[in-house]
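Following this note's numbering, the residues of the sequence shown are numbered contiguously, the last one being 909. Quick reminder that beta carbons are idealized off the backbone N, C-alpha and C, glycines included. First the structure, in the form of structure tokens, and then the observations on it.
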Amino acid sequence: MLSHPGYRIFVLGAGFSQPAGLPLATQLFEKVIENINDRYGNRTKFHSDLDEFKSYSEKTKTQYNLESFMSYLDIEHFLRLRGSKTFKDEGNESQIMVRRAIGHVIHSHTPGQKKIPEVYYKFASALRPHDIVLTFNYDIILEKVLEHLDIPFRLFPARFTEIHGSSATVDSEANEIVILKLHGSIDWFDDTEFRVYQKKANDYAGKFIRHPIFDDLGKYQAVPLAEGPRFLDDPLLHIHRIKLSDKFYQIDRSFEAPFILAPSTVKFVYAKPLIDFWNGLGRTGAYNLGFSVIGFSLPMHDEYIRVLLFKLTQNYQSWWDSQLSNTLKENVRIIDYRTKEFDIENLKQRYSFIDSDRCDFWLSGFNEDSVEFLQRKER
């Protein structure tokens, strides 16, 4: 099989991580509650908020699940419905407890390096420089595999060689895979609040603020997510990735939560630090050579993601019969696990905005055979 020239887009949902044993969204709520009970007991602000949401759910006929609960909390916090009782800018107590619990649940279900299923190595080995991976998953399985295989990748949109005031020189020599984690990651942490408190302490007393990560960057090997020269107002400057995430989740007893956009219908209101990930995506696709979706069922409530995928696929399918890099584009490829006819039709209906003559489905889940399906050359 000839090597693909790359320049493809891969969209990853929870189904991508399921072969590794990661929980799906429907399983996460119960595990989050168990984690919080184990760590803090069952008489916390989280539990009083959960009781309040149960009452709301019953009286408004709202679904009782993690996404609805977090939507309730996000709205309360973002609109500051508590007024002066608002806990802090990053979220109220329950939001932070849930994000922290999600981090622990995802970490505890992530297999060790030697136990990661072969399908991930097969998928990663088939990636090429300039492929773009857009993932809505919080886990770090793909990063672990790429690092193990010594395959270059970055976790931010553009790498620069120089900054010139309001413009920058893009590093055109960077031959690496781009992974954009649009909902954050369990090994990312934001130093914004720490920097604000540290500045206040310096201004008034010259004291040093203690922090589980940022007062000793070497403890968990915290490094800036975005490497190289950056604009001074780049919000990504505040996001750090910890390389020793296993150590953090094993020993940390603080209230620090990873930077993730927790499941919620309004999660995008907290996406400002990651806005560069989204900036310009709606114009992407026309000059890409492949487009695949793995394990993302496109739930009806994720309207903002539907808008993104609509724009990407419309762009992708608009330039079709002319070669790019001596290559014709392949059909859009969608991988999911569906066995019942009703569920299959439901999935196809959700993706009905894609030209069906230029779209192929694989409905046996993400497995090694599906990776062959992704690489198949048919045009």
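Mark Phe883 as exposed unless 16 or more other C-beta atoms lie within 10 angstroms of its C-beta, in which case mark it buried. Exposed is the call here.
Are the beta-carbon atoms belonging to Val846 and Val862 less than 8 Å from one another? Checking the sequence, you will find Tyr at residue 846 rather than Val. Taking 8 Å as the Cβ cut-off, Tyr846 and Val862 qualify as a contacting pair.
For Ser784, which residues in the same chain have their Cβ closer than 7 Å to its Cβ, ignoring the five residues on either side in sequence? Closer than 7 Å at Cβ, skipping near neighbours: Pro742.
Can you tell me where the alpha helix (DSSP H) with Arg569 in it begins and where it stops? Secondary structure note for Arg569: its alpha helix (DSSP H) is the uninterrupted segment 555-570.
Burial state of His713 (16 or more Cβ within 10 Å): Note on His713: 16 or more other CB atoms within 10 angstroms of its CB, so buried under the neighbour-count rule.
Where the alpha helix (DSSP H) containing Gly633 begins and where it ends: Run containing Gly633: 623-639, per the alpha helix (DSSP H) assignment.
Rounded to whole angstroms, what's the CA-CA distance from Asp473 to Asn572? Just pull it up for me. The requested residue 473 does not occur in the structure, where the chain is confined to residues 531 to 909.
Count the other CB atoms within 10 Å of the CB of Gly613; is the residue buried (16 or more) or exposed (fewer)? Label assigned to Gly613: exposed.
Excluding the 5 residues flanking Ile671 on each side, which residues of the same chain have their C-beta closer than 7 Å to its C-beta? These residues qualify, in order along the chain: Ser547, Ala550, Thr640, Ile646, Tyr650.
Taking 6 Å as the limit between beta carbons, can you name the residues of its chain near Met531, skipping five residues before and five after? A caution first: Met531 carries a pLDDT of 48, below 50, which makes its placement in the model unreliable, though a value can still be read off. Within the same chain, Met531 has no close Cβ partners at all.
DSSP puts Lys802 in a beta bridge; with which residues? Partner(s): none; Lys802 has no beta bridge.
What does a CB cutoff of less than 8 Å around Val635 pick up in its chain, not counting 5 residues either side in sequence? For Val635, the CB contacts under 8 Å within the same chain, skipping 5 residues up- and downstream, are Pro553, Leu558, Lys561, Val562, Asn565 in chain order.
Do you know whose CA, among Ile864, Arg888, Asp887, lies nearest Leu904's CA? Out of Ile864, Arg888, Asp887, Ile864 has the C-alpha closest to the C-alpha of Leu904.
Three-state secondary structure (DSSP) of Pro754: In the three-state DSSP reduction, Pro754 falls in the strand class (E or B).
Going by other Cβ atoms of all chains shown within 10 Å of its Cβ, with 16 needed for buried, is Asp717 buried or exposed? When all chains shown are included, Asp717 counts as buried.
Which residue wins for smallest C-alpha separation from Ala654, given the options Arg760, Pro687, Glu706? Each of Arg760, Pro687, Glu706 was checked against the Cα of Ala654, and the nearest Cα belongs to Glu706.
Give a yes or no on whether the minimum CB-CB distance between Asn856 and chain B is below 8 Å. You won't find chain B in this structure, because it holds only one protein chain.
What do you reckon, are the CB atoms on Gly825 and Gly543 nearer than 8 Å? Against a cut-off of 8 Å, the Cβ pair of Gly543 and Gly825 comes out as a contact.
Does the beta-carbon of Ser578 have 16 or more other beta-carbons within 10 angstroms, so that it is buried, or is it exposed? Burial is judged here by how many other beta carbons sit within 10 angstroms of a residue's own beta carbon; Ser578 has fewer than 16 and is exposed.
Assigned secondary structure, Met531 (DSSP; H/G/I helix, E/B strand, else coil): Bear in mind that a pLDDT of 48 at Met531, under 50, signals an unreliable position, so the number given afterwards is only what the model happens to contain. Met531 falls in the coil class under three-state DSSP.
Give the single residue among Gln728, Gln751, Gly748 whose Cα lies nearest to the Cα of Arg740. Minimum Cα distance to Arg740 is reached at Gln728.
Need the endpoints of the alpha helix (DSSP H) that Leu542 sits in, please. Note, Leu542: premise wrong, no alpha helix (DSSP H); beta strand (DSSP E) at 538-542.
For the putative contact between Arg880 and Leu828, defined by C-beta atoms under 8 Å, what is the C-beta separation to the nearest angstrom? Confirmed, Cβ separation roughly 4 Å.
Assess, as a yes-or-no matter, whether the region 779-795 is touched by the region 741-760 under the definition of 3 or more beta carbon pairs within less than 8 Å. Cβ pair count under 8 Å is three or more, so yes.
Excluding the 5 residues flanking Val799 on each side, which residues of the same chain have their C-beta closer than 7 Å to its C-beta? For Val799, where only same-chain residues beyond five positions count, the Cβ hits under 7 Å are Asp604, Phe608.
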